[in-house]
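Working notes, structure below.
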Amino acid sequence: MSQAVSRYNKSMDQQHFFQRGLIAWYQPENRPLPWKGINNPYHIWLSEIILQQTRVEQGMSYYLRFVEAYPSIRDLAAAPDDEVMKLWEGLGYYSRARNLLAAARYVTTELGGVFPHTYTGILALKGVGAYTAAAIASFAFNLPHAVVDGNVFRVLARFFGISTPQDSTAGKKEFTQLAESLLQRDQPALYNQAIMDFGATVCLPRNPKCGQCPLHTECVALRDKRIAELPVKSKKADQDRAFFSLFDLQLRR
DNA sequence: AAGTCGGGGAA
DNA sequence: TTCCCAGACTT
313 MSQAVSRYNK
323 SMDQQHFFQR
333 GLIAWYQPEN
343 RPLPWKGINN
353 PYHIWLSEII
363 LQQTRVEQGM
373 SYYLRFVEAY
383 PSIRDLAAAP
393 DDEVMKLWEG
403 LGYYSRARNL
413 LAAARYVTTE
423 LGGVFPHTYT
433 GILALKGVGA
443 YTAAAIASFA
453 FNLPHAVVDG
463 NVFRVLARFF
473 GISTPQDSTA
483 GKKEFTQLAE
493 SLLQRDQPAL
503 YNQAIMDFGA
513 TVCLPRNPKC
523 GQCPLHTECV
533 ALRDKRIAEL
543 PVKSKKADQD
553 RAFFSLFDLQ
563 LRR
């Protein structure tokens, strides 16, 4: 019992260190972005759809062009399909554009142009999954939902030394629960921005800046020299290629 | 649980 | 080349 309590307390200390360190580190002006510091749900939503599996630098100009072309969600809803697809050209994952338009029309016609303001309402929109719903809910409405994207998986896996594959069912559950427990519920938007900015600028996928990391003294992966191994993914394109090239080699003999 | 959808930058 | 990017959806 006392051991369990002790371990529990240590974990809580670790979590508090993480939260405080992250917030202390975060300076919004370090990474100014057009969709940062605003609370227009339409603009937030648009930016999040564009940024799905897309680098900020690549999505930036598209976001600006969409906002320019369609100042309101009604404008987007009224746009012809081919015009929107043309504007999306070059971004990839074109189903995002189709879902974007479908959702815009749904909000405009079915919801009277009022963007849904609850997590479940937002999640119901086409093209909006758990991550995007949490992002919109927190950034636009300051609702307490923790974002869990590639940055968050990486930061949490390393700092807490979690080796559960992030793309497994168990992993998604574990990381999501941890993220929710870490979320500073009195300032969800700020906290979510902070952890993603941290992952994008300090706790990088390769060659993370551990030397100048404000959390390095308590980072489990750094302590155990497992930075390069974390986070773990079970889907390994790598493994498949290795297998098939080996198979190929057998056939050639 | 595994597969699919993409262009692009960095190592 | 490989990995990964503010993932979601279908099978």
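313 is the number of the first residue of the first sequence in the numbering used here; add one for each residue after it.
From the three backbone atoms N, C-alpha and C, an ideal C-beta is built for every residue, glycine too.
Whole angstroms is fine: what's the gap from residue i's alpha carbon to residue j's?
i       : j       : result
Arg-408 : Gln-478 : 23 Å
Ile-448 : Leu-363 : 13 Å
Ser-296 : Ala-533 : Within the shown structure, residues of the chain are numbered from 313 to 565, placing residue 296 beyond reach of any answer.
Ile-539 : Thr-432 : 36 Å
Tyr-320 : Gln-489 : Low confidence applies to Tyr-320: its pLDDT is 45, below 50, so where it sits in the model is not reliable enough to give any reading.
Cys-328 : Phe-378 : Here the sequence assigns His to residue 328, which means Cys is not the residue at that position. When rounded, the distance between both Cα atoms is 40 Å.
Ala-482 : Gly-333 : 28 Å
Ala-450 : Pro-392 : First, the residue type needs correcting, since residue 450 is Ser and not Ala in the sequence shown. Cα to Cα, the separation comes out at about 31 Å.
Ser-493 : Phe-487 : 10 Å
Gly-473 : Ile-335 : 21 Å
Around the Cβ of residue i, are there at least 16 other Cβ atoms within 10 angstroms (buried) or fewer (exposed)?
i       : result
Arg-466 : buried
Asn-504 : buried
Phe-330 : buried
Ala-458 : buried
Gly-424 : exposed
Thr-430 : exposed
Ala-491 : buried
Asp-552 : Caution applies to Asp-552, whose pLDDT of 42 falls short of 50 and renders its modelled position unreliable; the value that the coordinates give is listed next. So Asp-552 ends up on the exposed side.
Glu-360 : buried
Gly-523 : exposed
Ser-318 : Reliability of the predicted coordinates at Ser-318 is poor, the pLDDT of 38 falling under 50, and no value is obtained from them.
Leu-558 : Confidence is the limiting factor: at Leu-558 the pLDDT is only 47, short of 50, which leaves the residue's position unreliable and the question unanswerable from this model.
Asp-461 : buried
Pro-456 : buried
Output yes or no for whether 7 Å exceeds the beta carbon distance between residue i and residue j.
i       : j       : result
Tyr-374 : Leu-403 : yes
Val-440 : Ile-507 : no
Arg-343 : Asp-498 : no
Ala-469 : Pro-526 : no
Pro-353 : Phe-427 : yes
Asn-454 : Pro-520 : no
Ala-415 : Leu-435 : no
Asn-351 : Ala-452 : yes
Val-396 : Leu-376 : no
Ala-381 : Arg-417 : no
Ser-546 : Ser-475 : no
Arg-386 : Thr-421 : no
What are the start and end residues of the alpha helix (DSSP H) that includes residue i?
i       : result
Asp-393 : 393 to 400
Phe-427 : Where Phe-427 is concerned, there is no enclosing alpha helix (DSSP H), given that its DSSP letter is neither H nor E.
Gly-371 : 368 to 381
Gly-483 : 481 to 494
Pro-353 : 353 to 363
Phe-451 : 442 to 453
Ala-469 : 462 to 471
Leu-502 : 500 to 513
Ala-390 : 385 to 390
Ala-533 : 532 to 535
Should residue i be counted as a contact of the ligand FAD given a C-beta to heavy atom distance under 6 Å?
i       : result
Gln-339 : Absence of the ligand FAD from the depicted structure is noted, as is the absence of any ligand whatsoever, leaving it without description.
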